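*Asks:* Under the working numbering, the letters of the sequence shown match residues 30 to 332, in that order.
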Amino acid sequence: MREVLVIGGNRYFGKRLIARLIAAGDRVTVLNRGSAPPPPGAVQLIADRDDEAALVAALDGRTFDVVVDQVCYTPRQAAIARRVLTGRTARYVMTSTVEVYEYEDSAEPVPEGALDPRTVIVTPQLPWEEPEFVTQHYGEGKRQAEAVFARGDFPYVSVRVAHVLGGADDFTGRLAHYADRIRAGEPVAVAVPDRPATYIQVDEIAAFLFWTARQDFTGPVNAASHGPLMCEDIAGAVADALGGDRHAVRYRAVEVGAVSPFSFARSYGMDTSRAESLGFAFSHTGEWLTDAVAETLGTDRGL
């Protein structure tokens with residue numbers, strides 16, 4: 030039985046990860062602010078991760094075989110986590126994002142080496158305590174968080190997660206954005222040019238995090254299903270789920286201004302060779318896209 034600490038993780042693929050850990054016989058502790066109870070079978074610790082003293086008090090001398098941090102968004106949070114968890118865990122897994130590559134524009138899949146976190150400049154003096162600033166600088170916050178862990182010999186892994194699809198509990202509203210426009214006959218706004226991006230199904234990323242927690246490699250690793258998708262692929266799958274004609278979906282090219290979710294002017298699909306060489310086999314988007322979209326929109330339940 031391993032001792033596993035999950036920071037955050039009460040919803041979406043975090044709760045699926047916790048269910049896998051518990052099913053495997055791990056003893057799981059969930060640390061959060063107490064806004065929701067942990068999944069059944071997990072122990073809860075309540076603390077604000079931004080409050081270092083409260084975090085130390087909540088852990089109260091505990092040690093863990095693995096820590097999976099689902100909610101590390103800024104270099105300040107990373108610095109606190111590193112200070113508090115040094116000596117308390119043999120392995121730290123941070124859920125990062127494909128958005129760390131947001132400055133890339135590559136026709137070829139981007140490998141982990143395209144962004145070495147050891148070279149990223151860390152700016153903790155920026156207003157990382159402001160939620161709006163963190164949201165607007167999501168990729169940068171994750172880049173700098175990775176950089177904090179990459180310095181020295183802290184045993185970290187940063188899982189750079191592709192855009193996640195699927196699940197009736199998808200709280201993002203991104204697919205609903207498409208459904209609303211398609212139902213109303215309104216055009217879907219797309220970037221000029223519109224580039225493909227990488228995706229992963231919600232249960233697959235939970236499986237990958239579970240697998241990663243049981244390995245011994247360190248450093249960044251990309252996690253994505255094979256088969257990049259265009260915005261039109263997403264919109265078409267939504268139209269299919271709604272019982273409409275995907276060929277009737279209208280698009281509006283936008284050179285400046287807001288575009289629809291999953292529409293990107295840059296191409297930075299991820300190369301997953303590292304993960305697969307280590308032993309994890311990813312699926313293909315064609316295997317699950319239709320079901321994932323229907324599940325999220327509720328059309329697989331006749332809603």
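All C-beta atoms, glycine included, are put in the ideal place defined by N, C-alpha and C. Keep in mind the model is a prediction, meaning the values are calculated, not measured.
Along the alpha helix (DSSP H) that carries residue 104, what are the first and last residues, could you check?
*Replies:* Counting from one through the sequence shown, the residue named residue 104 turns up at place 75. Where residue 104 is concerned, the enclosing alpha helix (DSSP H) stretches over 104-114.
*Asks:* Quick one: measure Cβ to Cβ for residue 160 and residue 108, integer angstroms, because I've assumed they're closer than 8 Å.
*Replies:* The residue you call residue 160 lines up with position 131 of the sequence shown. The residue you call residue 108 lines up with position 79 of the sequence shown. Contact flag wrong, Cβ pair sits at about 19 Å.
*Asks:* Might you give, ordered along the chain, the residues of its own chain that have their beta carbon closer than 8 Å to the beta carbon of residue 72, omitting 5 neighbours on each side?
*Replies:* Mapped onto the sequence shown, residue 72 falls at position 43. Around residue 72: 56, 57, 58 and 59.
*Asks:* If you draw a straight line from the C-alpha of residue 246 to the C-alpha of residue 303, how long is it?
*Replies:* By 1-based counting over the sequence shown, the position of residue 246 is 217. By 1-based counting over the sequence shown, the position of residue 303 is 274. Taking the straight line joining both Cα atoms gives about 10 Å.
*Asks:* Starting from residue 163, trace the alpha helix (DSSP H) in both directions and tell me its first and last residue.
*Replies:* Taking the sequence shown and counting its residues from 1, one reaches residue 163 at position 134. Taken as a continuous stretch (DSSP letters only), the alpha helix (DSSP H) holding residue 163 covers 160-165.
*Asks:* My assumption, with CB atoms under 8 Å, is that residue 312 sits in contact with residue 233. Please give the rounded CB distance.
*Replies:* For the purposes of this step, residue 312 is taken as the residue at position 283 of the sequence shown. For the purposes of this step, residue 233 is taken as the residue at position 204 of the sequence shown. So it is a contact: roughly 6 Å between Cβ atoms.
*Asks:* According to the neighbour-count rule (16 or more other Cβ atoms, all chains shown, within 10 Å of its Cβ), is residue 30 buried or exposed?
*Replies:* Looking up residue 30 in the sequence shown gives position 1. With fewer than 16 other Cβ atoms within 10 Å, it is exposed.
*Asks:* For residue 216, which residues of its own chain have a beta-carbon under 8 Å away from its beta-carbon, when the five flanking residues on both sides are left out?
*Replies:* Here residue 216 refers to the residue found at position 187 of the sequence shown. The residues are 210, 279, 280 and 281.
*Asks:* Quick check: the Cα distance between residue 187 and residue 34, rounded to an integer number of angstroms?
*Replies:* Numbered from its first residue, the sequence shown carries residue 187 at position 158. Numbered from its first residue, the sequence shown carries residue 34 at position 5. Roughly 16 Å separates the two Cα atoms.
*Asks:* If you draw a straight line from the alpha carbon of residue 238 to that of residue 66, how long is it in whole angstroms?
*Replies:* The residue given as residue 238 occupies position 209 in the sequence shown. The residue given as residue 66 occupies position 37 in the sequence shown. For residue 238 and residue 66, the distance between alpha carbons rounds to 21 Å.
*Asks:* Assuming the contact rule is C-beta atoms closer than 8 Å, residue 134 and residue 296 should be a hit. Round their C-beta distance to whole Å, please.
*Replies:* Start at 1 with the first residue of the sequence shown, and residue 134 comes out as number 105. Start at 1 with the first residue of the sequence shown, and residue 296 comes out as number 267. Correct: roughly 6 Å between the Cβ atoms.
*Asks:* I'd like to confirm the pairing. Which residues does DSSP put opposite residue 230 in its beta bridges?
*Replies:* Working through the sequence shown from its first residue, we reach residue 230 at position 201. 194, per the DSSP bridge assignment.
*Asks:* Are the beta-carbon atoms belonging to residue 287 and residue 236 less than 8 Å from one another?
*Replies:* Taking the first residue of the sequence shown as 1, we reach residue 287 at position 258. Taking the first residue of the sequence shown as 1, we reach residue 236 at position 207. Their beta carbons are not under 8 Å apart, which means residue 287 does not touch residue 236 by this criterion.
*Asks:* Taking the beta carbon of residue 47 as the centre, do at least 16 other beta carbons fall within 10 Å, making it buried, or is it exposed?
*Replies:* Working through the sequence shown from its first residue, we reach residue 47 at position 18. Per the 10 Å Cβ criterion, buried.
*Asks:* Quick one: is residue 121 buried, meaning 16 or more other Cβ sit within 10 Å of its Cβ, or exposed?
*Replies:* As a first step, residue 121 is located in the sequence shown; it is residue number 92 there, counting from the start. Under this definition residue 121 is a buried residue.
*Asks:* Report the rounded CA-to-CA distance for residue 220 versus residue 258, giving the unit in angstroms.
*Replies:* As a working note, residue 220 is residue 191 in the sequence shown. As a working note, residue 258 is residue 229 in the sequence shown. The alpha-carbon atoms of residue 220 and residue 258 are separated by roughly 14 Å.
*Asks:* If you drop the 5 nearest sequence neighbours on each side, which residues of the same chain put their C-beta closer than 7 Å to that of residue 328?
*Replies:* On the sequence shown, residue 328 is found 299 positions in, with the first residue counted as 1. The residues are 270 and 271.
*Asks:* Quick check: the Cα distance between residue 104 and residue 93, rounded to an integer number of angstroms?
*Replies:* Here residue 104 corresponds to residue number 75 of the sequence shown, with the count starting at 1. Here residue 93 corresponds to residue number 64 of the sequence shown, with the count starting at 1. Looking at the two C-alpha atoms, the distance is approximately 22 Å.
*Asks:* What separation, rounded to the nearest whole angstrom, lies between the Cα atoms of residue 251 and residue 190?
*Replies:* One-based indexing of the sequence shown puts residue 251 at position 222. One-based indexing of the sequence shown puts residue 190 at position 161. Computed Cα separation, rounded: 6 Å.
*Asks:* Which value, in whole angstroms, describes the spacing of the CA atoms of residue 119 and residue 51?
*Replies:* Along the sequence shown, read from residue 1 onward, the residue named residue 119 stands at position 90. Along the sequence shown, read from residue 1 onward, the residue named residue 51 stands at position 22. Going by C-alpha positions, residue 119 is about 19 Å away from residue 51.
*Asks:* Quick one: any contact between the region 193-213 and the region 133-150, if contact means 3 or more CB pairs under 8 Å?
*Replies:* Pairwise C-beta distances place the region 193-213 out of contact with the region 133-150, as fewer than three of them are shorter than 8 Å.
*Asks:* Do you know how far the Cα of residue 173 is from the Cα of residue 145?
*Replies:* The residue given as residue 145 occupies position 116 in the sequence shown. The residue given as residue 173 occupies position 144 in the sequence shown. Answer to the nearest angstrom: the Cα atoms are 11 Å apart.
*Asks:* On the criterion of 16 or more Cβ atoms from any shown chain inside 10 Å, does residue 182 qualify as buried, or is it exposed?
*Replies:* Against the sequence shown, residue 182 aligns to sequence position 153. Exposed.
*Asks:* Looking only at its chain, what residues have a beta carbon closer than 7 Å to the beta carbon of residue 332, apart from the 5 residues adjacent to it on each side?
*Replies:* For the purposes of this step, residue 332 is taken as residue 303 along the sequence shown, with counting starting at 1. Because residue 332 sits at a pLDDT of 38, beneath the cut-off of 50, its placement in the model cannot be relied upon, and the point is left open.
*Asks:* Rounded to whole angstroms, what is the Cα-Cα separation between residue 157 and residue 80?
*Replies:* Within the sequence shown, residue 157 is the residue found at index 128, counting from 1. Within the sequence shown, residue 80 is the residue found at index 51, counting from 1. Approximately 14 Å between the Cα atoms of the pair.
*Asks:* Kindly list the residues whose CB is nearer than 6 Å to the CB of residue 330, restricted to its own chain and excluding five residues on each side of it in sequence; keep chain order.
*Replies:* Translated into the one-based positions of the sequence shown, residue 330 becomes position 301. With a pLDDT of 47 at residue 330, under the threshold of 50, the modelled position of that residue is not reliable, and no figure is offered here.
*Asks:* How should residue 36 be labelled, buried or exposed, when 16 other C-beta atoms within 10 angstroms of its C-beta is the threshold for buried?
*Replies:* Counting from one through the sequence shown, the residue named residue 36 turns up at place 7. Per the 10 Å Cβ criterion, buried.
*Asks:* Using a Cβ-Cβ cutoff of less than 7 Å, which residues in the same chain neighbour residue 208 once the five nearest sequence positions on both sides are dropped?
*Replies:* Numbered from 1 along the sequence shown, position 179 holds the residue referred to as residue 208. Excluding positions up to five away in sequence, the list reads 267, 271 and 326.
*Asks:* Is residue 171 closer than 8 Å to residue 228 when the C-beta atoms are compared?
*Replies:* Sequence index remark: in the sequence shown, residue 228 carries index 199 (1-based). Sequence index remark: in the sequence shown, residue 171 carries index 142 (1-based). No, the pair does not count as a contact, with Cβ atoms beyond the cut-off.
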